[in-house]
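Enquirer: Structure provided below as C-alpha cells; questions to follow.
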Amino acid sequence: MTLVLENVQKAFGDVPVLRGIDLTIVPGQMICLIGASGSGKSTLLRCMNLLEPIDDGRILLDGVEISEPGHDPQPVRQRIGMVFQSYNLFPHMTAVENVMLAPRRVHGQSRAALRPRVEPLFARFGLADRMEHYPDQLSGGQQQRVAIIRALAMRPEIMLFDEITSALDPELVGEVLDVLRHLRGEGMTMVLATHEMGFARELADTVCFLDQGRILEAGPPSQIFETPQEARTRAFLSRVL
Amino acid sequence: MKFLTTTAIVLTLAGGAQAQNDCAAGQTLRDGTLTIATGNPAFFPWVIDDAPQSGEGFEAAVAYAVAQEMGFSPEQVEWVRASFDQSIQPGAKDFDFNLQQFSITEEREQVVDFSDPYYTSAMAVLTTQKVVDSGIEPSVASLKGLLWGADANTTAVPMLTDLIGPDKQPMLYGDNVDVTAAMQAGQIDAALFDLPTALYLAAVVVEGGTILGQFPADRSENPDQFGLLFEDGNPLKDCVNAALANLKDSGKLAEIEAEWLQQATSVPVIE
Amino acid sequence: MGSNPSYPRTKRQIYEARQRRRANLIGGLSTAAVLMAIVLLVPLAPGWAAVKRVFFNGEVFAKTFPGLLNAFLLDIAIFLWCAPLIAVLGLALAIARDLRTPALTPLRLAAVGFIDVFRGLPVILVIYLIGFGIPGLGLPRPWNSPYLWGSLALILVYAAYVAEVIRSGIESVHDSQRNAALSLGLSGSDVMRFVVLPQAIRRVVPANMNLFIALQKDVALLSFIGPVEIFRQAGVYKSLYANFTPYLGAALIFLAITIPATRYADHLMNRQRKARS
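Protein chains in written order, with the working numbering: chain A, 11 to 251; chain B, 17 to 287; chain C, 82 to 358.
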C-alpha cells in the first residue's frame with residue numbers, strides 16, 4: 011500500500027489552506043506533521059481520508075487516483091483509518107458497539123463473530139473492563155483509546171491521527187501515546203498531526219514541518235530537530251521546545 | 017292620571033307615527049325600537065336571501081307581524097345576529113327576542129324564556145335519489161339501517177333517536193351546509209330536518225336531493241315547536257305572547273305560513 | 082454520634098435552609114390569599130348566579146359526564162391510529178428533506194413543499210378540504226369515511242410539524258459525528274440510520290411529546306366533519322340542556338390526560354438539559 015500526494019491544493023473560500031503538497035507514504039512508515047495551528051496539518055489529513063475534496067493536484071492509492079471527483083470514497087476510507095482530536099465516539103452506543111458498528115455494516119459480520127476479534131484489542135489497550143461502558147462513563151484517555159480501537163477494527167492499511175492528544179488532560183496523554191508506540195512496534199503505517207515534539211522525535215521516520223499550507227522542510231527527526239535548514243522551522247521549534 | 021302621563025312621555029320619545037301598545041312601552045332594550053336577532057346566516061325559507069329587513073321569508077314576516085301587533089312600525093325594527101350559544105350565555109343580551117327555529121324544550125326553558133310556539137314543524141327525512149333507488153322505503157324499519165346525519169345543535173338529534181333509532185351512531189355537524197356536504201360526499205345516507213328546511217335543501221342545495229318522507233308533528237311526544245327566545249325573565253314575553261295570540265286568532269299567522277312555507281301534503285308519511 | 086447527613090452543618094447550609102423556609106412560607110401565604118379572594122369575591126359578582134347555573138351546573142354535569150367520557154374513547158382511538166403514522170411519515174419527510182444526492186432532488190423538493198404547505202394551513206381547513214373534498218370525488222363506501230380522510234388530514238399536518246422537529250434534531254448532531262462515521266467507511270445511509278438519527282430522535286423526544294399533546298387536543302376538530310367525539314357530544318348536550326357545563330366536563334377530561342403528559346415532557350426536557358450541561 012502506497013499513498014502518494016502530488017501538488018495537493020485546497021482553499022476554503024478565498025483562503026488557501028494547502029498550496030501544493032507533495033508527499034509519499036510507504037508501508038510501515040511513520041510520518042509526523044508538525045507546524046503551527048492553521049498551517050494545514052488537519053486539512054491535509056482530512057483530504058487523505060476524502061472527508062474534504064481537494065481543489066487541484068492528485069492523491070494516488072496504489073496508483074489509483076482516489077481524489078478524482080466522483081471516485082467512491084467509501085472503499086478508500088475502509089482502507090484508511092482516522093482518529094480525531096475530539097474522539098467523536100457515538101454517544102448512544104457502548105464502547106464495544108462503537109467498535110463493532112463499521113465491521114458489522116461494511117463487512118456484514120455478526121456481533122458473535124466480531125466479539126472474539128475485538129475483545130483482544132480492548133484487552134491489549136487496557137480496556138477489557140470498559141467494553142460495555144458508554145462514552146460518557148469513560149475518561150478522555152479511555153475514549154480516545156476506544157476511538158483508536160474503533161478505527162483498527164476495520165483493519166486499515168494506514169492510520170491517520172489528527173492531534174489525538176490535544177484535547178486530553180496532561181496526565182492522560184501518556185496512555186494514548188503508549189498505544190501509538192504499540193502500533194508503531196507492530197509496523198502500522200501512520201501519519202500523525204501532533205504537537206508532541208518529544209514523541210515525534212522518538213518514533214517518526216520522517217517529520218514534515220508545515221507552514222502556510224506548504225511542506226517547508228521534511229526529513230528524519232534528527233535533521234529537523236537538530237539541524238533545521240529553514241529560519242521559519244527554527245523559529246517554530248524555538249517556540250515549542 | 018299617572019298612567020296617562022307615562023303614555024304621553026313614551027309617545028313623545030317615540031316620536032313616530034305609531035306608538036307601542038301599553039305592555040311593550042319601556043320594556044324594550046331601547047325605547048321606541050324593537051331589536052330582533054336571527055341567525056348568521058339566516059336560511060331559506062325562514063329568511064329570504066339572508067336579508068330579514070326585507071320582511072321576506074316566514075320568520076322575517078312573523079317578526080314584522082309581531083312588531084306591528086306590539087305597536088312598532090317596520091322602521092322601528094332593528095335586526096342583529098346572535099347564535100344559539102350567544103343566546104344562552106349568561107349576561108346581558110343585545111336583542112329583545114331572537115327567532116331562528118329555536119325548538120322549545122323543557123331543559124332550555126330553565127336557562128332562557130320562550131314565547132308560545134309560532135310554528136309546529138313536522139320532521140322530514142332528507143336523502144338523495146341514489147339512496148331511494150337502492151330500495152330504501154319510507155318505513156322506520158327500512159330507515160334504521162341507514163347512516164344518519166343531523167345538525168348537532170338542533171332537536172333533530174334527540175328526535176332521531178326517538179323516531180328512528182338508527183343502528184349506527186349518527187354523524188353530527190355544525191350547520192346545515194356541513195350536513196349537506198357530507199351527504200354530497202356520500203358519507204351519510206340521510207339526515208333529519210324540520211320539514212321546511214328539508215324541502216329547501218332537497219330542492220336547492222343537495223344535488224339529486226329528495227324528501228323520503230315526513231314524521232307529522234303529532235307523531236312525536238315532544239313535537240318540534242318553534243318559539244321566540246328571550247333572555248330569562250324578560251318582561252316583554254307576555255306582550256309578545258299576546259301579539260302571537262292575536263295573529264293566530266285573526267288568521268294572519270296561517271296566512272304568513274301559507275305564503276312562505278310550501279304545502280307539504282305531497283310528502284309521504286313514514287310508517 | 083449525631084452526624085445526620087441531611088442536617089445543615091455549614092453556615093451556608095443553615096442560611097440556605099432558612100431562606101428556603103421563608104420562600105415557601107411567603108409562596109404559600111400569597112397563593113392562599115389569591116385563592117381566598119377568588120372564592121369569596123367572584124360569587125359576589127351580580128351575574129354569578131347565572132354563570133354558575135350555565136357553566137357550573139352540578140346536575141347537568143352529573144347527567145352528561147358519563148356520555149362525555151364514553152365519547153372521549155373515540156378521541157383516544159383516533160389519536161392511537163394517527164400517532165404511529167405521523168411518526169413514520171414525519172421521519173420519512175425529515176429524511177427526504179435532508180437528502181443531498183442530486184438524483185433525489187425532486188423528492189427533497191416534494192418534501193420541502195409538503196412541509197411548507199401543511200405547516201402553513203390551519204388544521205381545521207385541511208380537515209374540511211380533505212374530509213369533505215376527497216370523498217366528494219365519488220369514492221364508494223367505506224373509502225369515503227370521514228374517519229379515514231379526517232385522520233389523514235391530521236396525519237398530514239402533524240407529520241409536517243414532526244418532520245421539522247426531527248430535522249432540527251438532525252441538524253443538532255455535530256458534523257464531527259458524521260465525519261467519524263464516514264471515516265470508518267460507512268455508507269451515507271448507514272451514517273444517517275445508525276449514527277445521526279438515533280441521536281437526533283433522542284434529542285427531540287420532548288419536543289415531539291408536546292406535538293402529540295397538541296394532537297390529542299386537535300383530534301376534536303374531526304367533529305366538524307361528522308364523528309361524534311367528545312367535543313361534538315358536549316355540543317349536543319349544550320344544545321339539549323341549553324347549558325355550557327358539558328364543555329367544562331370535556332375540558333376536565335382533556336386536562337386529565339394533557340396535564341400529566343405535559344409535566345412528563347417537561348421532566349424529560351429538564352433531564353436532557355442537565356445531561357447536556
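By construction, the Cβ of each residue, glycine as well, lies at the ideal position given by its N, Cα and C atoms.
Model, not experiment: these values are computed from the prediction.
(1) What do you reckon, are the CB atoms on A:Gly-91 and A:Leu-15 nearer than 8 Å?
(2) Residue ranges of each alpha helix (DSSP H) run of no fewer than 4 residues wholly in the region 40–98 of chain A, ordered along the chain?
(3) Can you list the residues of chain B that C:Asn-225 reaches, using a CB-CB cut of under 9 Å?
(4) Taking buried to mean at least 16 other C-beta atoms within 10 Å of its own C-beta, is A:Ser-285 buried or exposed?
(5) Would A:Ser-77 and A:Arg-87 be called neighbours here (beta carbons separated by less than 8 Å)?
(6) Going by the beta-carbon positions, is the gap between A:Gln-95 and A:Ile-174 smaller than 8 Å?
(7) Counting only beta-carbon atoms, is B:Lys-268 nearer than 8 Å to chain C?
(8) Would B:Gly-229 pass as a contact of B:Val-141 if the rule is Cβ separation under 8 Å?
(9) If you compare alpha carbons, which of A:Leu-220, A:Gln-239 and A:Phe-235 is closest to A:Ser-52?
(10) Just to confirm, does A:Leu-15 get its C-beta within under 7 Å of one of the non-hydrogen atoms of the ligand COA?
(11) Between which two residues does the beta strand (DSSP E) carrying A:Arg-29 extend?
(12) From the beta carbon of A:Ala-105, is the nearest beta carbon of chain C less than 8 Å away?
(13) Comparing the C-beta of C:Phe-142 with each C-beta of chain B, is any distance below 8 Å?
(14) Select from the region 190–221 of chain C all residues with a C-beta closer than 9 Å to any C-beta belonging to chain B, and list them in chain order.
(15) Hey, how far is the Cα of B:Gln-126 from the Cα of B:Thr-171?
(16) Would you check if the distance between the CB atom of A:Leu-137 and the CB atom of A:Gln-152 is smaller than 8 Å?
(17) Please report how far the alpha carbon of B:Ala-53 lies from the alpha carbon of C:Phe-195, in whole angstroms.
(18) Can you give me the C-alpha to C-alpha distance between B:Trp-276 and B:Glu-223, rounded to a whole angstrom?
(19) Buried or exposed for C:Tyr-228, please, with buried defined as at least 16 other CB atoms from any protein chain shown within 10 angstroms of its CB.
(20) Determine the direct distance from the alpha carbon of B:Leu-188 to that of C:Gly-219, and round the result to whole angstroms.
(21) Taking the alpha-carbon positions, what's the C:Ala-356 to A:Arg-140 distance?
(22) For B:Phe-111, count neighbouring C-beta atoms within 10 Å of its own C-beta (all shown protein chains included) and say buried if the count is 16 or more, exposed if not.
(23) To the nearest angstrom, report how far apart C:Pro-165 and C:Phe-275 are at their CA atoms.
(24) Using a C-beta cutoff of 8 Å, does C:Phe-335 count as contacting chain B?
(25) Closer than 7 Å by C-beta to C:Phe-312: which residues in its own chain qualify, once you throw out the five before and the five after it? Chain order, please.
(26) Are the Cβ atoms of A:Phe-135 and A:Arg-155 separated by less than 8 Å?
(27) Excluding the five sequence neighbours on either side, which residues of its own chain have a C-beta within less than 8 Å of the C-beta of C:Ser-226, listed in chain order?
(28) Compile a chain-ordered list of the residues in the region 127–159 of chain C whose CB is closer than 8 Å to at least one CB of chain B.
(29) My understanding is that A:Ile-168 touches A:Thr-199, with C-beta atoms under 8 Å, so please give their C-beta distance in whole angstroms.
(30) Checking the sheet assignment: what are the DSSP bridge partners for B:Thr-143?
(31) For A:Val-93 versus A:Asp-172, is the C-beta distance shorter than 8 Å?
(32) Rounded to the nearest angstrom, what separates A:Arg-114 and A:Leu-13 at their Cα positions?
(33) Under a three-way DSSP split, which group does B:Val-93 fall into?
(34) Can you name the residues of chain C whose CB is closer than 9 Å to the CB of B:Met-139?
(35) Taking A:Phe-100 as the query, report the chain C residues whose CB atoms sit under 9 Å from its CB, ordered along the chain.
(36) In its own chain, which residues sit with a C-beta less than 6 Å from the C-beta of A:Ile-234, not counting the 5 before and 5 after it?
Expert: So, to answer that:
(1) Locating residue 91 of chain A in the first sequence gives position 81, where the first residue counts as 1. Locating residue 15 of chain A in the first sequence gives position 5, where the first residue counts as 1. No.
(2) Runs of alpha helix (DSSP H) with 4 or more residues, each lying fully within the region 40–98 of chain A, are found at 51–58 and 83–89, listed in chain order.
(3) Within the third sequence, residue 225 of chain C is the residue found at index 144, counting from 1. The contacting residues are Ala-201, Gly-202 and Gln-203.
(4) Beyond the ends of chain A as shown, which are 11 and 251, falls residue 285 of chain A; an answer cannot be given.
(5) Walking along the first sequence from the start, residue 77 of chain A turns up at place 67. Walking along the first sequence from the start, residue 87 of chain A turns up at place 77. No. Outside cutoff.
(6) Counting from one through the first sequence, the residue named residue 95 of chain A turns up at place 85. Counting from one through the first sequence, the residue named residue 174 of chain A turns up at place 164. For A:Gln-95 and A:Ile-174, yes; Cβs fall inside 8 Å.
(7) Within the second sequence, the letter at position 252 stands for residue 268 of chain B. False, the Cβ-Cβ gap to chain C never drops below 8 Å.
(8) Indexing the second sequence from 1 puts residue 229 of chain B at position 213. Indexing the second sequence from 1 puts residue 141 of chain B at position 125. Taking the C-beta atoms as reference points, B:Val-141 is found nearer than 8 Å to B:Gly-229.
(9) In the first sequence, the residue the question calls residue 52 of chain A occupies position 42. Of all alpha-carbon atoms in A:Leu-220, A:Gln-239 and A:Phe-235, the one lying nearest the alpha-carbon of A:Ser-52 is that of A:Leu-220.
(10) In the structure on display, the ligand COA does not appear, and there are no ligands present to speak of.
(11) Position 19 of the first sequence, counted from the first residue, corresponds to residue 29 of chain A. 25–35 is the extent of the beta strand (DSSP E) around A:Arg-29.
(12) What you label residue 105 of chain A is simply residue 95 of the first sequence in a count that begins at 1. For A:Ala-105, the closest Cβ of chain C is not nearer than 8 Å.
(13) Position 61 of the third sequence, counted from the start, is the residue given in the question as residue 142 of chain C. Interface criterion not met: the Cβ of C:Phe-142 is under 8 Å from no Cβ in chain B.
(14) Within the region 190–221 of chain C, the residues whose Cβ lies closer than 9 Å to some Cβ of chain B are Tyr-209, Gly-212, Phe-213, Gly-214, Ile-215, Pro-216, Gly-217, Leu-218, Gly-219, Leu-220 and Pro-221, listed in chain order.
(15) For the purposes of this step, residue 126 of chain B is identified with residue 110 of the second sequence, where counting begins at 1. For the purposes of this step, residue 171 of chain B is identified with residue 155 of the second sequence, where counting begins at 1. Straight through space, the alpha carbons of B:Thr-171 and B:Gln-126 are spaced by roughly 16 Å.
(16) The residue labelled residue 137 of chain A in the question sits at position 127 within the first sequence. The residue labelled residue 152 of chain A in the question sits at position 142 within the first sequence. In contact: A:Leu-137 and A:Gln-152 (Cβ atoms closer than 8 Å).
(17) For the purposes of this step, residue 53 of chain B is identified with residue 37 of the second sequence, where counting begins at 1. For the purposes of this step, residue 195 of chain C is identified with residue 114 of the third sequence, where counting begins at 1. Rounded to the nearest angstrom, the two C-alpha atoms are 44 Å apart.
(18) Numbered from its first residue, the second sequence carries residue 276 of chain B at position 260. Numbered from its first residue, the second sequence carries residue 223 of chain B at position 207. When rounded, the distance between both Cα atoms is 23 Å.
(19) Locating residue 228 of chain C in the third sequence gives position 147, counting from the first residue. Residue environment for C:Tyr-228: buried (at least 16 other C-beta atoms within 10 angstroms of its C-beta).
(20) For the purposes of this step, residue 219 of chain C is taken as residue 138 along the third sequence, with counting starting at 1. For the purposes of this step, residue 188 of chain B is taken as residue 172 along the second sequence, with counting starting at 1. One Cα belongs to C:Gly-219, the other to B:Leu-188, and the distance between them is close to 21 Å.
(21) As a first step, residue 356 of chain C must be located in the third sequence, where it is residue number 275. As a first step, residue 140 of chain A must be located in the first sequence, where it is residue number 130. Roughly 21 Å between the two C-alpha positions.
(22) In the second sequence, residue 111 of chain B corresponds to position 95, counting from 1. In this structure B:Phe-111 is buried. Its beta-carbon is surrounded by 16 or more other beta-carbon atoms within 10 angstroms.
(23) Locating residue 165 of chain C in the third sequence gives position 84, counting from the first residue. Locating residue 275 of chain C in the third sequence gives position 194, counting from the first residue. So the alpha carbons of these two residues sit roughly 21 Å apart.
(24) For the purposes of this step, residue 335 of chain C is taken as residue 254 along the third sequence, with counting starting at 1. No, no contact with chain B.
(25) As a position in the third sequence, residue 312 of chain C is number 231, starting the count at 1. The answer, listed in chain order, is Ala-301, Ser-304 and Ala-331.
(26) Here residue 135 of chain A refers to the residue found at position 125 of the first sequence. Here residue 155 of chain A refers to the residue found at position 145 of the first sequence. Going by C-beta atoms, A:Phe-135 is nearer than 8 Å to A:Arg-155.
(27) For this step, residue 226 of chain C is matched to residue 145 along the third sequence. Sequence-distant partners of C:Ser-226 (beyond 5 residues in either direction) whose C-beta falls short of 8 Å from its own C-beta, in its chain, are Pro-216.
(28) Within the region 127–159 of chain C, contact with chain B at the beta-carbon level (separation under 8 Å) is assigned to Gly-128, Ala-131, Val-132, Arg-134, Val-135 and Phe-136.
(29) Within the first sequence, the letter at position 158 stands for residue 168 of chain A. Within the first sequence, the letter at position 189 stands for residue 199 of chain A. Yes, A:Ile-168 and A:Thr-199 are in contact; Cβ-Cβ is about 4 Å, under 8 Å.
(30) To locate residue 143 of chain B, count along the second sequence from 1; it is residue 127. Bridge partners of B:Thr-143: B:Ala-206 and B:Thr-226.
(31) Position 83 of the first sequence, counting from 1, holds the residue named residue 93 of chain A. Position 162 of the first sequence, counting from 1, holds the residue named residue 172 of chain A. Between A:Val-93 and A:Asp-172, the gap from beta carbon to beta carbon is short of 8 Å.
(32) Taking the first residue of the first sequence as 1, we reach residue 114 of chain A at position 104. Taking the first residue of the first sequence as 1, we reach residue 13 of chain A at position 3. If you take the alpha carbons of A:Arg-114 and A:Leu-13, they lie about 27 Å apart.
(33) Looking up residue 93 of chain B in the second sequence gives position 77. For B:Val-93, the three-state secondary structure derived from DSSP is strand.
(34) For this step, residue 139 of chain B is matched to residue 123 along the second sequence. Near B:Met-139 there are no residues of chain C at all, since even the closest Cβ is about 16 Å away, more than 9 Å.
(35) Within the first sequence, the letter at position 90 stands for residue 100 of chain A. Residues of chain C whose Cβ lies closer than 9 Å to the Cβ of A:Phe-100 are, in chain order, Gln-258, Ala-261, Ala-262, Phe-275, Val-276, Pro-279 and Gln-280.
(36) As a first step, residue 234 of chain A is located in the first sequence; it is residue number 224 there, counting from the start. Only Val-217 meet the Cβ criterion.
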